[in-house]
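**Student:** Sequential numbering from 1 applies to the sequence shown in UniProt numbering. Yeah, the Cβ is synthetic: ideal placement off N, Cα and C, and Gly gets one too. Quick caveat: nothing in here was measured; it's all calculated off a predicted structure. The structure that follows is given in the form of structure tokens.
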Amino acid sequence: MPLHISIDNLRLTIPAVPISSTAFAPFGEVLENPRPEVVPGTAVADAFFAPSSSSSSSSSSSAAAYSAVLANQGSAIKFQHISRPVNLYGQARSGQAAQAVVNMFVCGARQLSPFPSSSSSSSSSPAARYFSVRILERHPYTTQTFIPLSGPSRMRYLVIVAPTLATPTSMPVPSSSSLSSSYSSPAPNPPTSPLPGSGLPDLSRLHAFILTGSQAVTYGAGTWHAPMVALGPPGSAISFLVTQFANGVAEEDCQEVEFAEGVSVRVDEDNYGLWRGKL
Numbered sequence: 001m002p003l004h005i006s007i008d009n010l011r012l013t014i015p016a017v018p019i020s021s022t023a024f025a026p027f028g029e030v031l032e033n034p035r036p037e038v039v040p041g042t043a044v045a046d047a048f049f050a051p052s053s054s055s056s057s058s059s060s061s062s063a064a065a066y067s068a069v070l071a072n073q074g075s076a077i078k079f080q081h082i083s084r085p086v087n088l089y090g091q092a093r094s095g096q097a098a099q100a101v102v103n104m105f106v107c108g109a110r111q112l113s114p115f116p117s118s119s120s121s122s123s124s125s126p127a128a129r130y131f132s133v134r135i136l137e138r139h140p141y142t143t144q145t146f147i148p149l150s151g152p153s154r155m156r157y158l159v160i161v162a163p164t165l166a167t168p169t170s171m172p173v174p175s176s177s178s179l180s181s182s183y184s185s186p187a188p189n190p191p192t193s194p195l196p197g198s199g200l201p202d203l204s205r206l207h208a209f210i211l212t213g214s215q216a217v218t219y220g221a222g223t224w225h226a227p228m229v230a231l232g233p234p235g236s237a238i239s240f241l242v243t244q245f246a247n248g249v250a251e252e253d254c255q256e257v258e259f260a261e262g263v264s265v266r267v268d269e270d271n272y273g274l275w276r277g278k279l
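See below:
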């Protein structure tokens, strides 16, 4: 059951931008082929794995910088440890052990609005559409990886994340609720850069990223994020393979907050061609 929080008079519209590993590092990891031009068995691959001219050591090759090795009798390139699953359920109150699980999410394309949340038609743009953010969730004790499997050609999807407020927070929550107390208890940090605090999401520093079908994403443990937002023509969907740990205790597996309108993500048609059925 989501925790309802007040955002007072917050009105915020943020642009969705193409994701990069650097920009997403505070929230998790981007999974993609870092060198798609390097095809096994080609001269480009030979050069990729060759030692640099100044050293005879294979550790000085271009491949070493990506932790890449040849595999499958030289017919494949293995980029090692691109994401590390994290299981921190040992810190959970229940003491219930978790297990690794693999789920599939079939995500229908979300409806986008011509107007930002709680705005008048005078604020609309013919070259943009808007997604209203009304709910965020986090998985306090596990990473969660979304891997797109299928969808429209040139599929796109939105990843919306927020850092965590330090506690105590100015956002009003029911003080007598056992649920609210679990939201302010210490939560793990993502596997990359640590986030400040362990409480509710900092909506004023929300970020939105656009990903393609060739990119997957790992949310760090405890990272606040919106439920998956698939983009595309009405009636289309994107299937995701999702890996994480879970122990079956609802408030330890997933925590949600809901809030009123006021926070929107802008998706620019001119840049991405996403919402006019051009996928």
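(1) Could you pull the start and end residues of the alpha helix (DSSP H) that residue 21 belongs to?
(2) Going along the chain, which residues of its own chain have a beta-carbon closer than 8 angstroms to the beta-carbon of residue 262, five neighbours each way excluded?
(3) Going residue by residue through the region 229-257, where are the continuous alpha helix (DSSP H) segments of at least 4 residues, counting only ones entirely within it?
(4) Nearest by alpha-carbon distance to residue 65: which of 75, 35, 44 and 94 is it?
(5) Quickly, what does DSSP pair residue 161 with across the bridge? List them, please.
(6) Thinking C-alpha only, which one of 222, 115 and 27 is nearest residue 251?
(7) Which residue wins for smallest C-alpha separation from residue 228, given the options 156, 201, 204 and 266?
(8) Could you compute how far the alpha carbon of residue 150 sits from the alpha carbon of residue 239?
(9) Which word fits residue 26, buried or exposed, when buried means at least 16 other C-beta atoms lie within 10 angstroms of its C-beta?
(10) Nearest-angstrom Cα distance between residue 79 and residue 69?
(11) At which residue ranges does the region 39-79 contain complete alpha helix (DSSP H) runs of 4 or more residues, listed in the order of the chain?
(12) Suppose contacts are defined by Cβ-Cβ distances below 8 angstroms. Is residue 230 in contact with residue 108 by that definition?
(13) What does the Cβ neighbour count give for residue 114, buried or exposed, with the cut at 16 atoms within 10 Å?
(14) Figure out for me which residue from 204, 77, 67 and 159 has the closest Cα to the Cα of residue 220.
(15) Among the candidates 218, 204, 200 and 100, whose CA atom is the shortest distance from the CA of residue 246?
(16) Expressed to the nearest angstrom, what Euclidean distance is found between the alpha-carbon atoms of residue 93 and residue 74?
**Tutor:** In brief:
(1) As a first step, residue 21 must be located in the sequence shown, where it is residue number 21. Unbroken alpha helix (DSSP H) run through residue 21: 21-24.
(2) Taking the sequence shown and counting its residues from 1, the one referred to as residue 262 is at position 262. Here the set comprises 7, 9, 10, 11, 12, 117 and 118.
(3) Assignment of alpha helix (DSSP H) within the region 229-257, counting only whole runs of 4 or more residues, yields 250-253 in chain order.
(4) Sequence index remark: in the sequence shown, residue 65 carries index 65 (1-based). Measuring C-alpha to C-alpha distances from residue 65 to each of 75, 35, 44 and 94 identifies 35 as the nearest.
(5) Here residue 161 refers to the residue found at position 161 when the sequence shown is read from its first residue. Residue 161 is bridged by DSSP to 207 and 225.
(6) Locating residue 251 in the sequence shown gives position 251, counting from the first residue. Of the candidates 222, 115 and 27, the one whose C-alpha sits nearest the C-alpha of residue 251 is 222.
(7) What you label residue 228 is simply residue 228 of the sequence shown in a count that begins at 1. Considering only alpha carbons, the answer is 156.
(8) Your numbering for residue 150 matches position 150 in the sequence shown. Your numbering for residue 239 matches position 239 in the sequence shown. One Cα belongs to residue 150, the other to residue 239, and the distance between them is close to 5 angstroms.
(9) Here residue 26 corresponds to residue number 26 of the sequence shown, with the count starting at 1. Residue 26 is buried by the Cβ-count criterion.
(10) Locating residue 79 in the sequence shown gives position 79, where the first residue counts as 1. Locating residue 69 in the sequence shown gives position 69, where the first residue counts as 1. Roughly 7 angstroms separates the two Cα atoms.
(11) Entirely contained in the region 39-79, the alpha helix (DSSP H) runs reaching 4 residues are, in chain order, 43-49.
(12) Within the sequence shown, residue 230 is the residue found at index 230, counting from 1. Within the sequence shown, residue 108 is the residue found at index 108, counting from 1. Contact annotation: residue 230 and residue 108 have beta-carbon atoms nearer than 8 angstroms.
(13) The residue you call residue 114 lines up with position 114 of the sequence shown. Counting Cβ neighbours within 10 Å, residue 114 comes out exposed, since fewer than 16 surround it.
(14) As a working note, residue 220 is residue 220 in the sequence shown. Considering only alpha carbons, the answer is 159.
(15) On the sequence shown, position 246 is the one that residue 246 refers to. Answer by Cα proximity: 100.
(16) Position 93 of the sequence shown, counted from the first residue, corresponds to residue 93. Position 74 of the sequence shown, counted from the first residue, corresponds to residue 74. Rounded to whole angstroms, residue 93 to residue 74 spans 47 angstroms at the Cα level.
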